[in-house]
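Protein chains in written order, with the working numbering: chain A, 1 to 244; chain B, 245 to 667.
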Amino acid sequence: MSDPIIKIENMNKWFGDFQVLKDINLSVEKNKKIVVCGPSGSGKSTLIRCVNRLEEHQKGSIIVDGTELNENTKNIEQVRAEVGMVFQQFNLFPHLSILDNCTLAPIWVKKMPKKDAEELAMNQLKQVQIDDQSNKFPGQLSGGQQQRCAIARALCMQPKIMLFDEPTSALDPEMIKEVLDAMVNLAKQGMTMIVVTHEMGFAKEVADEVIFMDEGMIVEKAITKEFFANPKNDRTKLFLSQIL
Amino acid sequence: MNKLNFLKPDKNNLYVYVYTGSALLFISIFDVFLSSFFKINVTSYLPGPVSLLLPLIVGLFGLHLIRIEFSGIKYLDLLNKNINTSNFNGALTLLIIFAIIMATPPSLSWFIFDANIAGDTKEACTGSGACWTYIKVWLRRFMYGMYPNELQWRINVSFILLIALAFVGYFSGEKLKKFLTLYYVIIYPIIAYILIYYLISGGSFGLEWVETGAWGGLSLTFIVSFFCLIFCFPIGMLLALGRRSNLPTIKYFSVGFIEFWRGVPLITVLFMSSVMFPMFLPEDFFMDKLVRVIIAISLFEAAYVAEVIRGGLQALPRGQYDAAKSLGMGYWKMHIFVILPQALKLVIPGIANTFLALVKDTPLIFVVGLMEIAGMLGLAKTNPKWLGFAMEGYVFAAIIFWIICYAMSKYSYNLELKYKTER
Numbered sequence: 001m002s003d004p005i006i007k008i009e010n011m012n013k014w015f016g017d018f019q020v021l022k023d024i025n026l027s028v029e030k031n032k033k034i035v036v037c038g039p040s041g042s043g044k045s046t047l048i049r050c051v052n053r054l055e056e057h058q059k060g061s062i063i064v065d066g067t068e069l070n071e072n073t074k075n076i077e078q079v080r081a082e083v084g085m086v087f088q089q090f091n092l093f094p095h096l097s098i099l100d101n102c103t104l105a106p107i108w109v110k111k112m113p114k115k116d117a118e119e120l121a122m123n124q125l126k127q128v129q130i131d132d133q134s135n136k137f138p139g140q141l142s143g144g145q146q147q148r149c150a151i152a153r154a155l156c157m158q159p160k161i162m163l164f165d166e167p168t169s170a171l172d173p174e175m176i177k178e179v180l181d182a183m184v185n186l187a188k189q190g191m192t193m194i195v196v197t198h199e200m201g202f203a204k205e206v207a208d209e210v211i212f213m214d215e216g217m218i219v220e221k222a223i224t225k226e227f228f229a230n231p232k233n234d235r236t237k238l239f240l241s242q243i244l
Numbered sequence: 245m246n247k248l249n250f251l252k253p254d255k256n257n258l259y260v261y262v263y264t265g266s267a268l269l270f271i272s273i274f275d276v277f278l279s280s281f282f283k284i285n286v287t288s289y290l291p292g293p294v295s296l297l298l299p300l301i302v303g304l305f306g307l308h309l310i311r312i313e314f315s316g317i318k319y320l321d322l323l324n325k326n327i328n329t330s331n332f333n334g335a336l337t338l339l340i341i342f343a344i345i346m347a348t349p350p351s352l353s354w355f356i357f358d359a360n361i362a363g364d365t366k367e368a369c370t371g372s373g374a375c376w377t378y379i380k381v382w383l384r385r386f387m388y389g390m391y392p393n394e395l396q397w398r399i400n401v402s403f404i405l406l407i408a409l410a411f412v413g414y415f416s417g418e419k420l421k422k423f424l425t426l427y428y429v430i431i432y433p434i435i436a437y438i439l440i441y442y443l444i445s446g447g448s449f450g451l452e453w454v455e456t457g458a459w460g461g462l463s464l465t466f467i468v469s470f471f472c473l474i475f476c477f478p479i480g481m482l483l484a485l486g487r488r489s490n491l492p493t494i495k496y497f498s499v500g501f502i503e504f505w506r507g508v509p510l511i512t513v514l515f516m517s518s519v520m521f522p523m524f525l526p527e528d529f530f531m532d533k534l535v536r537v538i539i540a541i542s543l544f545e546a547a548y549v550a551e552v553i554r555g556g557l558q559a560l561p562r563g564q565y566d567a568a569k570s571l572g573m574g575y576w577k578m579h580i581f582v583i584l585p586q587a588l589k590l591v592i593p594g595i596a597n598t599f600l601a602l603v604k605d606t607p608l609i610f611v612v613g614l615m616e617i618a619g620m621l622g623l624a625k626t627n628p629k630w631l632g633f634a635m636e637g638y639v640f641a642a643i644i645f646w647i648i649c650y651a652m653s654k655y656s657y658n659l660e661l662k663y664k665t666e667r
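What follows is the structure, given as structure tokens:
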């Protein structure tokens with residue numbers, strides 16, 4: 001077993017008086033793909049948003065690739081540059097073209113020369129098959145294309161870890177597949193991924209481990225096959241019976 | 245009820261109704277036209293009130309007759325849909341048309357036919373209309389204030405240079421494009437300051453020094469507006485960001501600053517800047533009156549700009565911040581490349597509003613003794629040789645201000661279109 005790239009220990013988080021995350025312990029090894037599922041309001045999104053500190057945790061520790069996340073802004077920016085994230089609502093920058101969306105961060109955060117950044121961006125866009133749309137603006141693209149662009153944008157930072165926060169939940173059914181295909185491709189290339197999703201088909205195909213969360217706790221964590229074939233917790237069984 | 249059928253226009257006899265209605269409408273408008281342009285009252289044999297109301301009644305009946313739904317005649321439908329939907333709307337339409345027709349002859353004769361422009365003295369104005377001679381004689385004062393006549397070329401030259409330099413952006417090559425923002429935000433104002441300092445103010449290079457108290461007229465309006473616009477925008481932007489900052493010191497400083505400047509009237513701010521402010525300064529420290537005024541107006545307007553921009557910042561979805569952060573951008577990179585471009589685009593109308601108000605607030609600098617165009621009007625109208633022409637002066641100033649403000653609002657509208665990307 002190699003060293004975990006993400007190590008979360010006894011992590012607690014409150015929104016005001018309400019405790020969203022309770023004693024989370026999780027370690028993710030390099031190149032592993034983790035799927036997080038659970039009912040809405042169970043804290044799945046908050047959990048992965050804590051990994052690149054879009055949300056602050058109040059107790060416990062999170063160490064990403066050897067860097068501890070705390071008040072130190074430098075650490076946070078360093079971690080964020082290594083961790084890519086894809087959002088439910090795409091969150092592309094509407095005032096920039098698709099290509100500029102992808103090159104913005106490499107040029108200004110990683111100080112990459114513009115030419116290299118554009119080459120890299122075109123490569124990534126090709127991977128998700130929207131290189132022919134590179135001069136359009138996000139508003140001119142379909143939801144599926146926008147989400148694939150968002151994946152490409154995150155990959156342009158050449159991250160070590162990718163976080164997906166319900167990437168297909170805001171999409172029309174026929175567009176879900178094109179986004180999932182892009183994610184499966186990425187998984188095959190050996191990216192470390194944490195995916196919050198309700199797509200159990202995707203979980204079965206790609207995930208090494210599945211985590212089930214409820215009421216801010218990790219209720220069950222198991223190898224994918226085990227998780228679907230033989231869930232141990234009653235809550236998990238109920239959940240699976242409802243969505244499968 | 246068969247007899248009254250002619251009161252209910254329908255499509256069966258479309259053209260009968262359309263022609264009768266149009267004829268009646270034409271007659272009513274023509275009657276008003278005759279009586280206001282040529283003082284001919286065709287219906288003078290009728291009693292007074294009837295003669296007065298007749299065009300309205302005839303016109304209304306005409307409009308009623310042509311009010312046919314889906315007539316199939318394009319312009320008629322357009323007319324009915326927009327200004328003739330009901331008797332009430334028809335009446336309003338008619339009244340407005342009548343008012344315009346009736347107002348045309350007197351205003352035309354005041355502005356043009358009975359107006360005077362020849363001569364150089366008050367006595368040349370003999371007509372009952374406007375006395376444009378007054379404007380002509382005082383034009384130099386309205387444009388340049390008390391600036392010496394033989395030196396006014398300096399103002400002209402510097403303004404022409406400034407306008408020329410403002411168009412650099414259109415001609416710069418692809419390679420220089422990325423420096424444009426830097427140019428407009430920092431270099432251009434500095435050039436403008438240097439030009440105005442050395443050319444208009446003078447005092448070096450063998451140019452005679454002209455104190456700022458002598459500056460005035462429209463050129464001063466431009467100078468004050470120009471610098472205030474340039475300064476208040478970045479200050480306002482920083483205040484808007486400051487007010488949303490997580491750092492308490494910065495946040496409360498911004499809140500206090502904004503609320504202070506928004507809470508006091510501009511006229512008192514200007515008064516303070518010229519009367520109170522120097523008392524707090526060391527005695528040998530000198531700051532020009534004009535500079536103090538520009539600083540005061542800039543700070544005052546910055547508070548307004550800040551709140552407008554804050555509105556734009558709040559309109560952005562949180563996801564934009566999340567996305568920018570998740571790509572590793574720090575505070576400034578996030579704001580410069582992601583947040584501000586979008587927020588500023590959203591608030592172009594609000595910013596234009598504030599800027600227009602600023603330009604129209606510049607006449608208030610009369611309280612510190614600086615006379616821009618409206619101030620010069622105030623001086624000119626009290627000149628014993630030219631008493632009684634305040635009207636011409638204010639109409640002139642209104643036209644000038646309208647042109648400036650309309651140009652600005654047109655420009656802001658073009659900016660909106662230019663930066664529009666589909667969402």
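Backbone N, C-alpha and C fix where the C-beta goes; we use that ideal spot for every residue, glycine too.
Segment limits, alpha helix (DSSP H) that includes residue i
i, result
"ILE595 of chain B", "592–605"
"THR224 of chain A", "224–229"
"PHE544 of chain B", "533–559"
"GLU118 of chain A", "114–127"
"ASN25 of chain A", "Premise fails: ASN25 of chain A lies in the beta strand (DSSP E), 18–29, not in any alpha helix (DSSP H)."
"ILE361 of chain B", "Looking at the DSSP string, ILE361 of chain B is not in any alpha helix (DSSP H), and its letter there is neither H nor E."
"THR626 of chain B", "Counting along the chain, THR626 of chain B falls outside any alpha helix (DSSP H), and DSSP gives it neither H nor E."
"GLU77 of chain A", "73–82"
"THR192 of chain A", "Taken as a continuous stretch (DSSP letters only), THR192 of chain A belongs to no alpha helix (DSSP H), being part of the beta strand (DSSP E) at 192–196."
"ALA408 of chain B", "396–410"
"SER272 of chain B", "258–281"
"ARG384 of chain B", "376–388"
Cβ neighbour criterion (16 or more within 10 Å) applied to residue i
i, result
"VAL36 of chain A", "buried"
"ARG667 of chain B", "Confidence is the limiting factor: at ARG667 of chain B the pLDDT is only 47, short of 50, which leaves the residue's position unreliable and the question unanswerable from this model."
"ASN246 of chain B", "Reliability fails at ASN246 of chain B, whose pLDDT of 48 lies under 50, so the model's placement of it is uncertain and the value that follows must be treated cautiously. So ASN246 of chain B counts as exposed."
"TRP397 of chain B", "exposed"
"MET85 of chain A", "buried"
"GLN586 of chain B", "buried"
"ASN324 of chain B", "buried"
"PHE332 of chain B", "exposed"
"LYS115 of chain A", "exposed"
"ASN10 of chain A", "exposed"
"GLU394 of chain B", "exposed"
"PRO94 of chain A", "buried"
"LYS569 of chain B", "buried"
"ILE434 of chain B", "exposed"
Candidates the options, of which the one nearest residue i by Cα
i, options, result
"LYS30 of chain A", "A:PHE87, A:LYS160, A:GLU9, A:VAL86", "A:LYS160"
"ASP566 of chain B", "B:ALA559, B:MET578, B:LEU557", "B:MET578"
"ALA408 of chain B", "B:LEU426, B:TYR388, B:ARG385, B:ALA436", "B:ALA436"
"ILE361 of chain B", "B:ILE541, B:GLY373, B:VAL513, B:LYS533", "B:GLY373"
"ILE151 of chain A", "A:PHE87, A:LYS13, A:ILE5", "A:PHE87"
"ASP131 of chain A", "A:ALA121, A:ILE211, A:GLU205, A:LYS232", "A:ALA121"
"TYR388 of chain B", "B:ILE647, B:TRP630, B:GLY619", "B:GLY619"
"PHE470 of chain B", "B:LEU491, B:LEU602, B:THR377, B:TRP376", "B:LEU602"
"GLY594 of chain B", "B:LEU534, B:PRO299, B:VAL552", "B:VAL552"
Limits of the beta strand (DSSP E) - the one that residue i falls within
i, result
"PRO4 of chain A", "4–15"
"GLU174 of chain A", "No beta strand (DSSP E) holds GLU174 of chain A; the alpha helix (DSSP H) holding it covers 173–188."
"MET162 of chain A", "161–165"
"LYS33 of chain A", "33–37"
"SER61 of chain A", "59–64"
"PHE212 of chain A", "209–214"
Nearest-angstrom Cβ-Cβ length linking residue i and residue j, presumed shorter than 8 Å
i, j, result
"THR192 of chain A", "LYS32 of chain A", "6 Å"
"PHE239 of chain A", "VAL196 of chain A", "About 14 Å; that fails the 8 Å criterion."
"LEU443 of chain B", "SER402 of chain B", "4 Å"
"ILE399 of chain B", "TYR391 of chain B", "6 Å"
"VAL513 of chain B", "PHE544 of chain B", "5 Å"
Between the segment 548–582 of chain B and chain A, which residues of the former have CB atoms less than 7 Å from a CB of the latter, in chain order?
GLY563, GLN564, ASP566, ALA567, LYS569, SER570, LEU571, GLY572, MET573, GLY574, LYS577, PHE581, VAL582
Looking at chain B, which residues of the segment 97–130 of chain A have a Cβ within less than 7 Å of any of its Cβ atoms?
LEU104, ALA105, TRP108, VAL109
Name, going along the chain, the residues of the segment 590–623 of chain B whose beta-carbon falls closer than 9 Å to a beta-carbon of chain A.
none
Cβ-based contacts, 7 Å cut-off: residues of the segment 13–26 of chain A near chain B
none
Pull out every residue of the segment 44–61 of chain A whose Cβ sits closer than 7 Å to any Cβ of chain B, in chain order.
ASN52, LEU54
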